[in-house]
Structures are given as structure tokens and as C-alpha cells.
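Each residue of the sequence shown is one higher than the one before, counting from 1 in UniProt numbering.
Yeah, the Cβ is synthetic: ideal placement off N, Cα and C, and Gly gets one too.
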Amino acid sequence: MLTPLERGKDLEQKVIKLRGECGNLQCQMQTLEFGHGLAKELGKYEKEFESLYHKLRRLTAGDIQEEDQYLPLVRDFLRLSKEYDAPKQAAQSMAKGIKSKRPSTGGGPAKRAKK
Numbered sequence: 001m002l003t004p005l006e007r008g009k010d011l012e013q014k015v016i017k018l019r020g021e022c023g024n025l026q027c028q029m030q031t032l033e034f035g036h037g038l039a040k041e042l043g044k045y046e047k048e049f050e051s052l053y054h055k056l057r058r059l060t061a062g063d064i065q066e067e068d069q070y071l072p073l074v075r076d077f078l079r080l081s082k083e084y085d086a087p088k089q090a091a092q093s094m095a096k097g098i099k100s101k102r103p104s105t106g107g108g109p110a111k112r113a114k115k
């Protein structure tokens with residue numbers, strides 16, 4: 001069974017992962033003509049993940065073992081990740097839609113038919 005400190009460190013890694021994902025999606029949305037509003041919303045979540053990371057880091061760096069110190073941060077993480085899910089899905093859909101509409105330079109069906 002993991003100690004509260006070990007679980008805190010695991011949560012830290014999850015927060016880092018979501019913060020990075022959020023930042024990447026934000027950058028992608030900034031490059032799209034209609035993605036600026038979504039980029040702004042993702043930026044808000046990126047800052048919240050960053051803040052949560054720093055709060056967790058203070059506890060884990062101090063080798064805090066008391067579970068009650070981590071519980072509010074766990075609740076914040078669950079709330080934040082749930083709220084972030086909708087803009088994340090929207091951004092991923094927009095990015096996927098743009099990628100699929102780019103013209104192909106490879107050997108598509110028309111090029112293969114000429115051979």
C-alpha cells in the first residue's frame with residue numbers, strides 16, 4: 001500500500017501530464033483561425049494545473065506524510081480534470097478535423113490509378 005507521500009508524488013505526475021497536454025492543445029488552438037477562444041480557456045486550465053502542481057510540490061518536497069494535507073488537493077484535481085475534459089475534447093476534435101482536411105501529397109487513389 002502506498003503512503004500518502006507516494007500517492008502525492010503520483011498525483012504530481014498526473015498533474016504534470018495534464019498540464020503539458022493542456023499547454024500543447026492551447027498552442028495548437030492558437031494557430032487555428034477559430035481556436036482563439038478555446039486557446040484562452042485552455043490557458044486558464046493550464047494555469048490551474050500549474051498552481052495545483054506547486055501546492056502538491058510543497059507537500060512532497062517537505063516529505064509530508066499526513067493524508068489530510070493531500071485530500072483537498074486530490075479533490076481539486078478531480079474537479080479540475082473533470083472540468084477540463086470538455087474543452088480538451090473540443091480542442092482535440094478541432095485539431096483532428098484540421099489535420100484530416102489538409103491536402104495529401106502522398107500517393108492517393110488518383111495517383112495509384114495512373115500507374
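Alpha-carbon spacing of residue i relative to residue j, whole angstroms
i: S93; j: V74; result: 28 Å
i: D68; j: P4; result: 9 Å
i: Q28; j: A95; result: 7 Å
i: E83; j: L32; result: 23 Å
i: G37; j: D85; result: 16 Å
i: I98; j: G35; result: 11 Å
i: K88; j: D76; result: 18 Å
i: M1; j: E66; result: 15 Å
i: L11; j: G23; result: 18 Å
i: Y45; j: Y70; result: 20 Å
i: R7; j: S81; result: 17 Å
i: E21; j: E48; result: 13 Å
i: I64; j: Q30; result: 39 Å
Residue i - DSSP class collapsed to helix/strand/coil
i: G35; result: coil
i: M1; result: coil
i: E66; result: coil
Rounded distance between the beta-carbons of residue j and residue i, thought under 8 Å
i: L42; j: L25; result: 5 Å
i: E50; j: R19; result: 6 Å
When the options are compared against residue i, the one with the closest alpha-carbon
i: T60; options: L2, K9 and L18; result: K9
The ligand HEM heavy atom lying under 8 Å from the CB of residue i
i: A91; result: Absence of the ligand HEM is noted for the structure shown, with no ligands found whatsoever.
Sequence-distant residues of the same chain with beta carbon closer than 8 Å to residue i, five excluded per side
i: A90; result: L38
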